[in-house]
Structures are given as C-alpha cells and as structure tokens.
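Residue numbers for the sequence shown follow my numbering, so the first one is 2 and each next one is one higher. We put the beta carbon where it would ideally sit given N, CA and C, even for glycine. Written below as structure tokens is the structure these notes are about.
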Amino acid sequence: MSFVDRLIAPLSTSARVRLGNDLLTAGRATEGFRQLARAAVGGSPDAQYRLGLCYLEGTGVPRAASEAVRWLERAAESGSVDGQFQLALLHLGETSASRQPGGRTRSLFEPEGATFERDIPTALKWARRAAEGGLPEGQALLGYLLTLGSEPSLDDAERWYRRSSEADCAQGNLGLGMALLRRAEDARSYGEAAGLIGKASTAGLPTAQYMMGVLTEHGIGIARDATAAALHYRQAATSGVPIAQRRLGLALIKGQGVERDLIEGETWLRRAAVAGDGAAAAEIGHLYARGGELPPNYVEAAAWFERAADAGDSGAARALSQLYWVGNGVGQDRERATFWLQRAAELGNESSKVDFGNLVLRGAAEGADPAAARRWFQQAAETGDLIAAFNFGVCFAEGVGVERNDSQAALWLSRAAKGVPMAQYWYARALIEGRGVPVNLAEGRMWLRRAADAEMVEAQVLLGEMLVNGRGGPADHRGSLVLFEKAARRGHVGAMFALGALFHGGHDVAPNHNLAQRLFREAAERGHPRAQLMIGRYLLRGTAGHVDLAEARQWLSAAQDQGVPEAALDLARISGEPDAKTDDGPASSGLAEIDSKR
Numbered sequence: 002m003s004f005v006d007r008l009i010a011p012l013s014t015s016a017r018v019r020l021g022n023d024l025l026t027a028g029r030a031t032e033g034f035r036q037l038a039r040a041a042v043g044g045s046p047d048a049q050y051r052l053g054l055c056y057l058e059g060t061g062v063p064r065a066a067s068e069a070v071r072w073l074e075r076a077a078e079s080g081s082v083d084g085q086f087q088l089a090l091l092h093l094g095e096t097s098a099s100r101q102p103g104g105r106t107r108s109l110f111e112p113e114g115a116t117f118e119r120d121i122p123t124a125l126k127w128a129r130r131a132a133e134g135g136l137p138e139g140q141a142l143l144g145y146l147l148t149l150g151s152e153p154s155l156d157d158a159e160r161w162y163r164r165s166s167e168a169d170c171a172q173g174n175l176g177l178g179m180a181l182l183r184r185a186e187d188a189r190s191y192g193e194a195a196g197l198i199g200k201a202s203t204a205g206l207p208t209a210q211y212m213m214g215v216l217t218e219h220g221i222g223i224a225r226d227a228t229a230a231a232l233h234y235r236q237a238a239t240s241g242v243p244i245a246q247r248r249l250g251l252a253l254i255k256g257q258g259v260e261r262d263l264i265e266g267e268t269w270l271r272r273a274a275v276a277g278d279g280a281a282a283a284e285i286g287h288l289y290a291r292g293g294e295l296p297p298n299y300v301e302a303a304a305w306f307e308r309a310a311d312a313g314d315s316g317a318a319r320a321l322s323q324l325y326w327v328g329n330g331v332g333q334d335r336e337r338a339t340f341w342l343q344r345a346a347e348l349g350n351e352s353s354k355v356d357f358g359n360l361v362l363r364g365a366a367e368g369a370d371p372a373a374a375r376r377w378f379q380q381a382a383e384t385g386d387l388i389a390a391f392n393f394g395v396c397f398a399e400g401v402g403v404e405r406n407d408s409q410a411a412l413w414l415s416r417a418a419k420g421v422p423m424a425q426y427w428y429a430r431a432l433i434e435g436r437g438v439p440v441n442l443a444e445g446r447m448w449l450r451r452a453a454d455a456e457m458v459e460a461q462v463l464l465g466e467m468l469v470n471g472r473g474g475p476a477d478h479r480g481s482l483v484l485f486e487k488a489a490r491r492g493h494v495g496a497m498f499a500l501g502a503l504f505h506g507g508h509d510v511a512p513n514h515n516l517a518q519r520l521f522r523e524a525a526e527r528g529h530p531r532a533q534l535m536i537g538r539y540l541l542r543g544t545a546g547h548v549d550l551a552e553a554r555q556w557l558s559a560a561q562d563q564g565v566p567e568a569a570l571d572l573a574r575i576s577g578e579p580d581a582k583t584d585d586g587p588a589s590s591g592l593a594e595i596d597s598k599r
C-alpha cells in the first residue's frame, strides 16, 4: 500500500479510500473497513459503494443486508454507476457473482432468516440509471430486465444489449447474441448470433458456455461438433450450471463427443438433480428403472422419479404412478398411483390427462378429484379436440365431476360424433332412448351405421337388432346377419345369441338348427341367459336331432337362476308335471337387449 496514502489519509478522502481498498486487498479487512467507513461518512461515493459491498459480503464486518442497501443507495444517489448496478442486482435477487443476462440467480444471503424481496420495478430503475451512466454491465442488465414480464420490450432490450456489446462487455455479447438468435432466419444471422455468444463464452460466462454447447451440438450458426459441444458443456458444468451438468452427464452416458463413461455420467446427472434440475433426476430414475449396464433398482428409481416430479417433471410423475400401479420399488398402492397420475396430468402430460380422465370415468380413480378430469376434458374440448369432447359428454351423461345433464351430454356427444366412433354410438343411444334430445330412431340408426362401419362392436350389435326389428327404418335381416357375424367373431356374446336366433327360423334367413344350436351353446357357455334357455330347449326337444334331458335340465336351471321365467315351464316338463305346456317360443324375443350382453 502507498506510503503517501497512509500519510495523507487523514487529510484526503480519496487517499483514505485507496488506503482502505489496499488494506482489504492485503487481507487486513477490519482495518480496511474502518478506513472506508470514515471516507463513506465523509461523502465519498466510491467509499460508500465499497462499504456497501463489505456489509453485503461480510468483509471486515458481519453481513448485514439492510446496511449494505443503505450505503449502496447513498452511493447510487451520488451517481455511482457501480452502486446503481449492484442495487439492480440485489433487487433482481442476484449478487455481483452472477451478472450475466439469463444466468442463474442467487438469493441475497441475510442473517437471522431475513429475506430480500425480489423487486423487478426497482431493479429496472437502478439498472436504467447505470445503463444511462455508461456502464456496459448495466446496459446488459437493463436489456435482460426489459425481456421480463408479460409484455417484454424486446426491441429496447436489443438496443441496450448492442450498446453493451459495442463496449465488448461479455454480458452484452451474450444478451445480443441471444436476441439475434431468437429472430435469426438465415445462415448469416445464425452465424452472427453464434459469434457473439462464442465471445461471451471465451470470456468465461457459464451461461454462454452452455449455449455454445447447444449451438455446437446441433450445428446452429457454427459447424456441428459433438466433441466441442461436450467440452463447452463441461466448462459450464464445472461452473455449476445444472442444465449443462445434465447435458454433460447424458453425453458421457451415450458416448457423444466424449469417451463413454456411465459412472461419471451418472455423477454429473446427480449433481444437476441435487441442484434442482428435475429432468436430470428423471434421467437417473430411468437409468435405474430400465436396467442394462446398471442393474435395475426400482427403489432408487422411485426416489429419483419423486424428486423429479416434485421439481415439476411430468414424465417422472407418470413413471412414478406406473411404479405404484405394479408395486415396483414401492408398495403397490392404487391411491398413490392415482395421485401421481393426476399430478402428471396437472403438470401438462397429455397422455396422463387422458389416462386419468378415463380412470375417473371408469370409477377406478381412488382418492382422485373427478372435477379435475372434467376440467381437462372441457379445456381440450373447447379447443376442438373431439376425443375430449366425447369424454366431456360422458362426464355430463354419468355425472362425473359435474351434475348430470343429459342435454349437455347430448350436445357434446353430437360434436364428438363428427369423428369419434364411440361418440357416434353414445349419441345414437341418446337419440334412440330420448336422453337429452327428442327420440329420433332414424337419425340414431344413421349414427349407429357410421360407428358400425368403423368396426365398433357395440354399434354393430345394436344396429343389427334395429335391422331385425325394423326400428328406425326398414327391416333387413340379411344385413343384420352380416353385422352379428362380425361382432360374434370378436367375441360379443349377445351377437352369438342373435345369430342363433336368426338361424333358428322365422326370419329372412334360411333356418339351420345345427348351426343355431352351436351358436346358442357358445353364448350359453359365456353366461348369456336366453342362450341358456334356447340350448336347454334344443336338447329337451331334439330340435337339432339330439336329445339330452340331463344337460337340458342344467341349462334351463342356469337360465332360471338368471331370471328367465320361461325356463320354469320347460323344467316342469322334464319333471313330468302333467299341466306343463311349452313350445319353442321365439328365440328372437331377447334381441332387443343383446347390445348389453357381452
């Protein structure tokens, strides 16, 4: 330190400031602080600024945010651009250690649990004064602040970034490069943006180093080079940028631009995850859930998925839900599975919204909020999503998350029917049954035809029944035969019974009792009550050429147990009761109900 400054410090404020700074540099913080305090009281803006930093950083004095702000404000009001800049950072929630635009913010440390409120308008005021005072860093910070909020001033921001960049300020180069990158349209403009970001990276700004990794990895404004990208990511990762740590971890795991190293890659992912990067935590979860070179460890996977989900990663919340469904790494728990599925949907995972909504519609969402599912369906339906419109209609039809309203159900089902076969079927049922709309069998039959042509089994069967009975239009037994055959091949029990009824006789289809008996048996074995009645009668009377009273009794008893009253008369005949009278009866008498008998 200067002998002259020591000699004249009592007489010269500027000499006292120089002496105080020299003492701080020499590690004699307490003495330096005292000299600066005297100069600050004497009105020196430079001393007031340095004194504010001492209180901010705990140099020569315990940290005290309120004192730091008081002295910085005195310096700033006296025209200190450094004081103005530092105040802007404080109100933004940053310290001088993280000045780059778009960089990570660090909350101001204050003792005894005090907090420093983030105040963008005040930060903007001080940054503007520093910028107008000619401080390049202040100009870059003002540019950054102008990009925030719901109505950013991007043109003004770019203007201030450019002024800062013209002074070769690293933060200004980064800010201008990012601004140009947002509106780049050709190779020249992309190249200009990459050049500016590269200058900021060379100056050591971690955010710029990360961005150069992205640009180099994807060949944006610069030649694609996986090796160079990995190097940029490592520089930023070493400086503590979580997203760069994640990118480096993935590069090491995949061997992209760097020698493959699963262990080091996972270590970088962990560092990013612990720093709050939800996507990195999700990647670790997937590493342990998938297995491979690392043995599967679902307990570890569940822990990382939960960390990622808590950080807002929707895919991790969905994966955690799946672990709870099957009980991998966690106890099988439908309620927790539903909770995390709903959380994934709330975080915006579209597949989870659909799955959760369907779970609610099936009544299988334990502990869930049906109103949430209804809201997601409504939001999507109002944007024109036909599947969501169908589900929203079902919510009204079934009273899921909303009061039941058949009229609203019919409205939304009619909209969805334009392109969703299931909605065509539901809307047809509404028209046929008069639920929320006037009965219109002809229009209902038309919508059933569209759903049936889309290979919807339930629609094929119900339309077949309407064709048999001539409801909503002319009867068409042969047309119904085709529909029932399609549905029966896909395992619809009611369709099997209906085919048996058609071949039993009395329709515009040639009778075939052997085929009818086989179809009745197939449906009866699957629990269809009227099919059990008919196979019992066939075996009782030998309609297809074979009599078996014991088996007939079994089938008729089964039909009776399922509430078919006609079976009692046939059972009486087998028992030899003299007054028992029976006939084959119309097998088609149950066709009106077959749509619900699978």
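**OP:** Report yes if the CB atom of residue 236 is closer than 8 Å to the CB atom of residue 257, and no otherwise.
**Re:** On the sequence shown, residue 236 is found 235 positions in, with the first residue counted as 1. On the sequence shown, residue 257 is found 256 positions in, with the first residue counted as 1. Contact flag unset, no.
**OP:** Measure the Cβ-Cβ separation of residue 178 and residue 158 and say whether it is below 8 Å.
**Re:** As a first step, residue 178 must be located in the sequence shown, where it is residue number 177. As a first step, residue 158 must be located in the sequence shown, where it is residue number 157. Contact: no.
Subject >> CA nearest to the CA of residue 418, picked from 386, 35, 533 >> reply: Reading the sequence shown from its first residue, position 417 is the one you call residue 418. Of the candidates 386, 35, 533, the one whose C-alpha sits nearest the C-alpha of residue 418 is 386.
Subject >> Closest by C-alpha distance to residue 555, when choosing among 127, 378, 540 >> reply: As a working mapping, residue 555 is identified with position 554 in the sequence shown. For residue 555, the closest of 127, 378, 540 by C-alpha to C-alpha distance is 540.
Subject >> CA-to-CA distance, residue 204 to residue 164, given in whole angstroms >> reply: Locating residue 164 in the sequence shown gives position 163, where the first residue counts as 1. Locating residue 204 in the sequence shown gives position 203, where the first residue counts as 1. Looking at the two C-alpha atoms, the distance is approximately 18 Å.
Original post:
Under a three-way DSSP split, which group does residue 563 fall into?
Top reply: What you label residue 563 is simply residue 562 of the sequence shown in a count that begins at 1. In the structure shown, residue 563 sits in coil (DSSP, three-state: anything other than H, G, I, E or B).
**OP:** Buried or exposed for residue 264, please, with buried defined as at least 16 other CB atoms from any protein chain shown within 10 angstroms of its CB.
**Re:** To locate residue 264, count along the sequence shown from 1; it is residue 263. Counting other Cβ atoms within 10 Å of its Cβ, residue 264 stays below 16 and is therefore classed as exposed.
Subject >> C-alpha distance - residue 344 paired with residue 308, whole-angstrom precision >> reply: For the purposes of this step, residue 344 is identified with residue 343 of the sequence shown, where counting begins at 1. For the purposes of this step, residue 308 is identified with residue 307 of the sequence shown, where counting begins at 1. Answer to the nearest angstrom: the Cα atoms are 13 Å apart.
Subject >> the region 75 to 82 in contact with the region 45 to 58 per 3-pair CB rule at 8 Å >> reply: With the cut-off at 8 Å, the region 75 to 82 and the region 45 to 58 touch.
**OP:** Can you tell me which of 260, 259, 321 puts its alpha carbon nearest to the alpha carbon of residue 655?
**Re:** In the structure displayed, the chain extends from 2 to 599; residue 655 sits before or after that span and is not available.
Original post:
Do you know how far the Cα of residue 299 is from the Cα of residue 232?
Top reply: What you label residue 232 is simply residue 231 of the sequence shown in a count that begins at 1. What you label residue 299 is simply residue 298 of the sequence shown in a count that begins at 1. Inter-residue distance for residue 232 and residue 299 is about 33 Å (C-alpha atoms, whole angstroms).
Original post:
Rounded to whole angstroms, how far is the Cβ of residue 266 from the Cβ of residue 254, which I believe are closer than 8 Å?
Top reply: For this step, residue 266 is matched to residue 265 along the sequence shown. For this step, residue 254 is matched to residue 253 along the sequence shown. Contact annotation, residue 266 with residue 254: C-beta distance approximately 4 Å; criterion of less than 8 Å satisfied.
**OP:** Could you tell me which of 328, 289, 280 sits nearest to residue 315, measuring between CA atoms?
**Re:** In the sequence shown, residue 315 corresponds to position 314, counting from 1. Considering only alpha carbons, the answer is 280.
Subject >> Among 457, 415, 420, 184, the one whose alpha carbon lies nearest that of residue 444 >> reply: Position 443 of the sequence shown, counting from 1, holds the residue named residue 444. It is 415 whose Cα lies nearest to the Cα of residue 444.
Original post:
Should the region 404 to 411 be called in touch with the region 363 to 383, which here means at least 3 C-beta pairs below 8 Å?
Top reply: The region 404 to 411, when compared against the region 363 to 383, does not touch it at the 8 Å Cβ threshold.
**OP:** Please report the residue range of the alpha helix (DSSP H) in which residue 60 lies.
**Re:** Along the sequence shown, one-based indexing puts residue 60 at 59. Unbroken run through residue 60: none, as it is neither H nor E.
Original post:
Which one of 440, 537, 493, 480 has the shortest CA to CA distance from residue 473?
Top reply: The count along the sequence shown starts at 1 and reaches residue 473 at position 472. Of 440, 537, 493, 480, the residue nearest in Cα terms is 440.
**OP:** Output the boundary residues of the alpha helix (DSSP H) element that contains residue 1.
**Re:** There is no way to answer for residue 1, as the model of the chain reaches only from 2 to 599.
Subject >> Selected residue, minimal CA-CA separation from residue 534, among 561, 509, 514 >> reply: Within the sequence shown, the letter at position 533 stands for residue 534. With distances taken between Cα atoms, residue 534 lies closest to 561.
Original post:
Can you tell me the Cα-Cα spacing of residue 152 and residue 161, whole angstroms?
Top reply: Numbered from 1 along the sequence shown, position 151 holds the residue referred to as residue 152. Numbered from 1 along the sequence shown, position 160 holds the residue referred to as residue 161. One alpha carbon belongs to residue 152, the other to residue 161, and they sit about 17 Å apart.
Original post:
In three-state DSSP terms, what is residue 45?
Top reply: Counting from 1 along the sequence shown, the entry for residue 45 is found at position 44. Correct three-state label for residue 45: coil.
Subject >> Three-state secondary structure (DSSP) of residue 219 >> reply: Your numbering for residue 219 matches position 218 in the sequence shown. Of the three classes helix, strand and coil, the one that applies to residue 219 here is helix, per DSSP.
**OP:** Helix, strand or coil for residue 480, going by three-state DSSP, please let me know.
**Re:** Here residue 480 corresponds to residue number 479 of the sequence shown, with the count starting at 1. Helix at residue 480.
Original post:
Between the beta-carbon of residue 361 and the beta-carbon of residue 391, is there less than 8 Å?
Top reply: Within the sequence shown, numbered from 1, the residue matching residue 361 stands at position 360. Within the sequence shown, numbered from 1, the residue matching residue 391 stands at position 390. No, these two residues do not count as a Cβ contact at 8 Å.
Original post:
Can a CB atom of chain B be found closer than 8 Å to the CB of residue 345?
Top reply: Structure shown: chain B not included; a single protein chain is present.
Original post:
For residue 154, does the three-state DSSP call read helix, strand or coil?
Top reply: Looking up residue 154 in the sequence shown gives position 153. If DSSP states are grouped into helix, strand and coil, residue 154 belongs with coil.
Original post:
Does the beta-carbon of residue 130 have 16 or more other beta-carbons within 10 angstroms, so that it is buried, or is it exposed?
Top reply: Position 129 of the sequence shown, counted from the first residue, corresponds to residue 130. By the 10 Å Cβ count, residue 130 comes out buried.
Original post:
Going by beta carbon distance, what residues of the same chain come within less than 6 Å of residue 14, once the five residues before and after it are set aside?
Top reply: Stepping through the sequence shown from its first residue, residue 14 is reached at position 13. Take residue 14, set aside five residues on each side of it, and the residues of its chain with a beta-carbon closer than 6 Å to its own are 40, 43, 45, in chain order.
**OP:** State yes or no: is the C-beta of residue 34 within less than 8 Å of the C-beta of residue 55?
**Re:** To locate residue 34, count along the sequence shown from 1; it is residue 33. To locate residue 55, count along the sequence shown from 1; it is residue 54. It is a contact, given that the beta carbons lie within the stated cut-off.
**OP:** List the whole-angstrom C-beta distance separating residue 217 from residue 226, where the pair is believed to meet the contact cut-off of C-beta under 8 Å.
**Re:** Within the sequence shown, residue 217 is the residue found at index 216, counting from 1. Within the sequence shown, residue 226 is the residue found at index 225, counting from 1. Your pair residue 217 and residue 226 checks out as a contact, with CB atoms roughly 5 Å apart and the cut at 8 Å.
Original post:
Would residue 608 pass as a contact of residue 36 if the rule is Cβ separation under 8 Å?
Top reply: Outside the shown range of the chain (2 to 599) lies residue 608, about which nothing can therefore be said.
Subject >> Residue interval of the alpha helix (DSSP H) (run including residue 239) >> reply: Taking the sequence shown and counting its residues from 1, one reaches residue 239 at position 238. If you look at residue 239, you'll find it in the alpha helix (DSSP H) that goes 227 to 239.
**OP:** Please state if the CB of residue 94 and the CB of residue 119 are separated by a distance shorter than 8 Å.
**Re:** Sequence index remark: in the sequence shown, residue 119 carries index 118 (1-based). Sequence index remark: in the sequence shown, residue 94 carries index 93 (1-based). If you check the CB distance, residue 119 and residue 94 come in under 8 Å.
**OP:** Measure the alpha-carbon distance for residue 523 versus residue 294 and round it to whole angstroms.
**Re:** Counted from its first residue, the sequence shown places residue 523 at position 522. Counted from its first residue, the sequence shown places residue 294 at position 293. The C-alpha of residue 523 lies about 51 Å from the C-alpha of residue 294.
**OP:** Look at the alpha carbon of residue 600 and the alpha carbon of residue 193, and state the distance between them as a whole number of angstroms.
**Re:** Residue 600 lies beyond the residue range present for the chain, which begins at 2 and ends at 599; the question has no answer from this structure.
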